[in-house]
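> Residue numbers (the working numbering): 5 to 214. Beta carbons: idealized from backbone N, C-alpha and C, even for Gly. As the structure is a prediction and not an experimental result, all values here were calculated from the model. Here it is: the structure, laid out below.
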């Protein structure tokens with residue numbers, strides 16, 4: 005039991021590390037709006053990883069069949085969602101209602117749901133969870149509901165702690181940047197996320213047509 009809890013924690017930690025649209029968004033939120041905004045975005049991503057973990061544990065065969073059958077459609081749909089979120093981030097100004105940069109750092113459910121939606125829309129995220137489950141040899145067969153929930157919460161905790169560390173570390177540097185520089189970073193990060201979405205859309209369209 006303890007070994008599987010440790011394995012699950014490592015899965016949650018490793019699932020959060022790959023550089024992708026979520027990581028870019030957390031960097032953007034942490035630098036432009038502060039640790040609370042960055043952490044809430046990461047928390048949304050960790051929630052999505054927890055959902056994927058539940059799917060991997062109980063519906064792996066069904067999920068794999070669906071992803072193989074509708075891989076192109078999933079890529080296209082996910083690409084559109086990620087691209088739209090990226091463009092919205094790029095054209096937004098997180099400082100427009102703030103007289104001082106310190107006033108921007110606040111908890112917002114919008115940040116959480118942006119992270120959640122983007123993570124759920126990223127087809128690569130669930131594949132990473134599947135791969136990590138296999139790599140760590142995480143097997144919960146024979147476990148009851150209570151033990152399974154504890155292991156899943158351990159996985160979620162790994163992701164939550166990772167994103168808190170990232171957002172907190174980045175927020176320490178935000179006061180060293182001018183507001184114009186942070187706004188530029190906001191633009192670049194948004195368009196980078198949109199670019200990833202466009203690539204996913206293009207690849208999905210190619211798979212669908214050819």
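Expressed to the nearest angstrom, what Euclidean distance is found between the alpha-carbon atoms of residue 86 and residue 184?
25 Å
> Classify residue 21 as helix, strand or coil using the three-state DSSP reduction.
Collapsing the DSSP output to three states places residue 21 in coil.
> If you draw a straight line from the C-alpha of residue 140 to the C-alpha of residue 161, how long is it?
17 Å
> If I'm right that residue 130 touches residue 32 with Cβ under 8 Å, what's the distance once you round it to whole angstroms?
So it is not a contact: roughly 23 Å between Cβ atoms.
> Have a look at 82, 144 and 154 and flag the residue whose alpha-carbon is nearest the alpha-carbon of residue 120.
Of the candidates 82, 144 and 154, the one whose C-alpha sits nearest the C-alpha of residue 120 is 82.
> Consult DSSP for residue 212 and reduce its assignment to one of helix, strand or coil.
helix
> Within this structure, are the beta carbons of residue 144 and residue 61 separated by less than 9 Å?
Yes, the pair counts as a contact, with Cβ atoms nearer than the cut-off.
> Is the beta carbon of residue 224 less than 9 Å from the beta carbon of residue 29?
The question about residue 224 has no answer here: the residues shown for the chain are numbered 5 through 214.
> Using alpha carbons as the reference points, say which of 8, 118 and 147 lies closest to residue 41.
118
> Tell whether a beta-carbon distance below 9 Å holds between residue 208 and residue 75.
Going by C-beta atoms, residue 208 is nearer than 9 Å to residue 75.
> Quick check: residue 22 and residue 200, are their CB atoms within less than 9 Å of each other?
no
> What three-state label does DSSP hand residue 186 in the structure shown?
The DSSP-derived three-state label of residue 186 is helix.
> Counting C-beta neighbours from all protein chains within 10 Å, is the total for residue 133 16 or more, i.e. buried, or is it exposed?
Looking at its Cβ environment, which holds 16 or more other Cβ atoms inside 10 Å, residue 133 is buried.
> I need the DSSP call for residue 8, collapsed to helix, strand or coil.
helix
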